[in-house]
Structures are given as C-alpha cells and as structure tokens.
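Add 2 to a position in the sequence shown, counting from 1, and you land on the number used in the numbering used here.
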Amino acid sequence: MAIRLMKRQLVNWWLLLAVLVGGATAASVADVSGYVQAVVWISVSLFVAMAIDLLLMLDGWTRATDRLLPSSTWRPATAELEQAGRNTLMMTVTEKNGETFRLRTLGMPALIREVLARTRNVWVVGPDKNGWAVLVTPGLHSPLGGKLEKGKARPANPVLPEAPITGPDAPAADDFVVAGQAKLKAGATARGQAAAGAVILLGVLALAVGWLLGAPLIGAALLVLCVVGAVPLFLAARPLAVWKPLPELLAAGTWTRLPATIDETWRPNARGYADGSAEVRLPSGQTVAVKLPLVSCDVVEYTRATGTMWFAGMPKPGSDSAIGVPGYPLADLARL
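Structure (structure tokens):
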C-alpha cells in the first residue's frame with residue numbers, strides 16, 4: 003500500500019518537473035525580457051537538480067521493492083542506527099545467522115527512528131544486486147528503504163532514544179511516541195492549508211515579478227496554475243480536522259485495553275486510512291458500537307490480530323476517546 007502511494011507521488015513529481023521545464027522553455031521562446039528568462043531558468047534548474055537526485059533514489063528503491071517482495075522471505079534482524087552526518091542516517095543490520103551489513107537509509111520519520119532506537123528489531127529482505135534493501139519494523143506497515151554502504155565506514159554516532167520508555171500503566175499523554183504522532187495529526191489540517199496558502203502566495207509573487215519585468219501574461223498564467231494546484235491541497239486538508247482533539251484526548255488518563263472487533267467491511271485508501279467502525283466490550287460487560295473516523299490500517303490490523311484496542315483513559319458511551327498502541331507512533335480517534 004505504501005509502495006503504491008509512493009509510486010503515485012513519484013509520477014506526480016515527474017509530471018511537475020515536466021510542467022516546470024515546459025514553462026521555462028515557453029518563457030525562452032516567448033518575446034520576454036532576458037531578465038525574466040534568466041530568473042525562470044535559474045529557479046527551474048535549481049529545483050530540477052534537487053528533485054531529480056531525490057526522485058532517482060526513490061525510483062530505484064521502489065523498483066527494487068517490486069523485485070524483492072514477491073520473491074523473497076522476510077528475515078528477522080536487529081538494527082543499530084547511527085548518525086553519520088547532519089542528513090545522513092546509517093543502519094547496521096545484523097541477521098540471526100550473524101551476517102552484518104550497513105545501509106544508508108532513504109529518510110526515516112523521527113518517530114519511527116525513535117521506535118527503532120528503542121526496539122532495534124526489524125524484518126529485512128535484500129540487499130539485491132544493486133544494494134537496495136527493504137525493511138519493516140514490527141507493528142508498522144510502512145516499509146523503510148536503504149542502500150548498501152560501500153567503502154570505508156565513516157565516523158558515526160549511535161542514535162539513542164530521545165525520551166524514557168513508558169509502559170501501559172503510565173499516562174497515555176506521557177508516551178513520547180504516541181503523543182508525538184497525535185501532535186502531528188492534530189496539525190495536519192493547518193499544515194495542508196498553509197501549504198495551499200504558500201502555493202497561492204508563490205503565484206502572486208510570480209504575477210508581481212512578471213508585471214515588473216514586462217511579462218504580465220506569463221505571471222498571470224503562473225498564478226492560475228498555482229491556484230489550481232492549491233485547491234486540491236486545501237480540500238484534502240479539510241477532513242483531517244477530525245484529528246485536532248487527539249493531544250487533548252490523550253490526557254484522559256492511563257492506557258485501558260479492552261476487547262474489540264473491527265467491522266470487516268473496512269477498506270483503507272491509498273494512504274492507509276478510512277472511516278471504520280468496531281464493537282468494544284466495556285469492563286461492565288456492555289458492548290458498544292464505536293465509530294473510527296480516518297482510522298489507520300496499523301490500528302485496525304493490531305485490533306484484528308489481538309482482539310483488543312487501547313484507549314487513553316476509560317472510554318464512556320457518548321464521548322470521544324484517543325486510541326493507539328503504547329510505544330508506537332499510532333494515534334486515532336474513537337467515537338462511542
């Protein structure tokens with residue numbers, strides 16, 4: 003699922019690059035000043051250079067994943083994370099048979115890095131003949147990528163946990179990883195709207211520059227493109243407002259684990275989320291229906307596998323609660 007989403011995003015990025023290069027070419031052949039052409043081409047060249055470097059790395063990994071996953075078996079291993087530079091994270095993978103290899107990771111969210119620093123457990127396939135490997139950490143569906151590091155090992159510092167590990171008997175809000183995920187989700191709508199605003203602001207800036215340099219039509223065209231691009235960003239951010247109360251709901255108390263059954267009609271979207279429902283049995287023996295807006299596939303699969311669901315505090319019929327899994331970057335909303 004995560005691989006399909008990444009492939010779709012790669013296609014979108016390649017299309018964006020094509021549009022940018024096409025726009026720059028149009029500016030060159032149009033009857034505009036040399037200053038406009040220079041600004042356009044310098045901006046596009048810088049963006050294209052950075053984007054192509056990233057896209058080629060991601061494209062290589064997704065292609066390797068397509069080859070590795072159907073023909074390989076997951077192998078248990080331990081992983082030691084090392085910071086080998088400001089933006090370079092290395093991983094030393096040791097398999098059960100003692101074989102060891104070092105990978106340069108493709109980018110790892112901070113909360114997943116915290117989980118790996120604590121647990122050090124992964125499942126791995128590869129590396130393939132080109133050095134690509136795919137890893138997953140138990141409890142999370144999103145795969146991690148890395149490429150075999152060749153040559154002399156560079157100096158590195160071990161990545162240690164950033165916060166003390168709390169157990170299920172501690173307040174849910176004190177769980178560094180869950181609370182961090184709740185905070186990220188709570189700000190999803192604001193970030194999406196800010197991104198849409200930034201795109202529109204970029205279009206306004208392009209219009210102003212075009213006007214000053216004698217190319218108002220090109221500036222207006224860029225503004226229209228920016229507005230068109232901002233609309234889906236804004237619309238996609240609106241449903242995510244359901245996550246806004248998660249940090250506050252985590253403060254309801256310690257974790258409570260209750261028997262639960264997920265409605266089997268739940269089907270996730272490309273990002274691994276969808277509205278769902280479940281039945282939860284309270285300590286009193288009462289069974290209540292629970293709505294799960296935009297619940298993640300990780301929480302759903304955990305509930306299916308264990309027959310239980312973790313609540314922050316004791317859930318009450320007619321109220322909202324935060325749900326998740328202690329120690330993992332999982333936080334969702336439950337409406338009883």
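We put the CB at the ideal spot given by N, CA and C, even for glycine.
Pairwise C-alpha distance: G315 and D176:
Distance between the alpha carbons of D176 and G315: 13 Å.
- So the beta strand (DSSP E) P249 belongs to, where does it begin and stop? Bounds of any beta strand (DSSP E) do not take in P249; it lies within the alpha helix (DSSP H) bounded by L248 to L252.
How would you call R240, buried or exposed, if buried means at least 16 neighbouring beta carbons within 10 angstroms?
Counting Cβ neighbours within 10 Å, R240 comes out exposed, since fewer than 16 surround it.
Return the residue from the list L186, I114 and F178 that minimises the CA-CA distance to L248. Looking at the Cα atoms, L186 is the closest of the given residues.
Worksheet item: Which residue's Cα is closest to the Cα of K149: R269, A66 and L260?
Response: The option with the nearest alpha carbon to K149 is A66.
*Burial state of E84, where buried means 16 or more other Cβ atoms lie within 10 Å*: E84 is buried by the Cβ-count criterion.
Minimum C-alpha distance to V180 - residue among A324, T263 and L338 | When each option's Cα is compared against that of V180, the closest is A324.
task: Label T139 either buried or exposed according to how many other C-beta atoms from any shown protein chain fall within 10 Å of its C-beta, with 16 as the threshold for buried.
output: Buried is the call here.
- prompt: Out of curiosity, what's the CA-to-CA distance linking T94 and L137?
  reply: Computed Cα separation, rounded: 12 Å.
ask   = Does the beta-carbon distance from R115 to V161 come in below 9 Å?
value = Yes, the Cβ-Cβ distance between R115 and V161 is below 9 Å.
Endpoints, beta strand (DSSP E) assigned at Y275 | Y275 -> beta strand (DSSP E) spans Y275 to R283.
| In this structure, does DSSP put T121 in helix, strand or coil? | Helix, per DSSP.
Please report how far the alpha carbon of E281 lies from the alpha carbon of Y304, in whole angstroms. In this structure, the alpha-carbon of E281 lies about 15 Å from that of Y304.
| task | Measuring alpha carbon to alpha carbon, tell me which of M92, A112, L108 and V297 ends up nearest F178. | result | The shortest Cα separation from F178 among M92, A112, L108 and V297 belongs to A112.
Just mark P331 as buried or exposed, buried being the case when its beta carbon has 16 or more other beta carbons within 10 Å. Buried, by the Cβ-count rule.
Check for me: the beta strand (DSSP E) holding L105 runs from which residue to which? Secondary structure note for L105: its beta strand (DSSP E) is the uninterrupted segment T102 to T107.
- Query: When the Cα atoms are used, what is the spatial distance from V206 to G194?
  - Reply: For the pair V206 and G194, the Cα-to-Cα distance works out to about 19 Å.
ask   = Do you know offhand how far P72's Cα is from P78's?
value = About 17 Å.
What separation, rounded to the nearest whole angstrom, lies between the Cα atoms of G199 and L219?
-> Straight-line spacing of the CA atoms in G199 and L219 works out to 22 Å.
- Where do the N-terminal and C-terminal ends of the alpha helix (DSSP H) with A232 fall, by residue? First-last of the alpha helix (DSSP H) with A232: P218 to A239.
| said: Whole angstroms are fine: how far does the CA of V244 sit from the CA of P295? | reply: Separation of P295 and V244 (C-alpha to C-alpha, rounded to the nearest whole angstrom) is 7 Å.
Among V126, L284 and D334, the one whose alpha carbon lies nearest that of E250: The option with the nearest alpha carbon to E250 is D334.
With 16 other Cβ atoms within 10 Å as the buried cut-off, status of L203: That one is exposed.
Query raised in the report: Can you tell me the Cα-Cα spacing of V290 and T308, whole angstroms?
Result: Near 18 Å, if we compare the C-alpha coordinates of T308 and V290.
Practice prompt. Can you grab the Cα-Cα spacing for the pair T191 / G62, in whole Å?
Written response: Looking at the backbone, the Cα of T191 and that of G62 are separated by about 32 Å.
(request) Return helix, strand or coil for L71, following the three-state DSSP convention. (result) Three-state result, L71: helix.
Proximity below 9 Å, CB of V292 to CB of A262: A262 is positioned such that its CB atom lies closer than 9 Å to that of V292.
Identified DSSP bridge partners for G326: Partner(s): W312 and A333.
Cα-Cα separation, G133 to V127
Take the alpha-carbon of G133 and the one of V127: they are about 11 Å apart.
Could you pull out every residue in the same chain whose Cβ sits closer than 7 Å to the Cβ of E151, ignoring the five residues on either side in sequence? Close CB contacts of E151 within its chain, under the 7 Å cut and outside five residues either way in sequence, are with M92, R104, L105 and R106 (chain order).
Q) According to the neighbour-count rule (16 or more other Cβ atoms, all chains shown, within 10 Å of its Cβ), is A254 buried or exposed? A) The residue in question, A254, is buried, as its Cβ has 16 or more Cβ neighbours within 10 Å.
* If I'm right that V2 touches W268 with Cβ under 8 Å, what's the distance once you round it to whole angstroms? => This structure cannot speak to residue 2, because the chain is shown only from 3 to 338.
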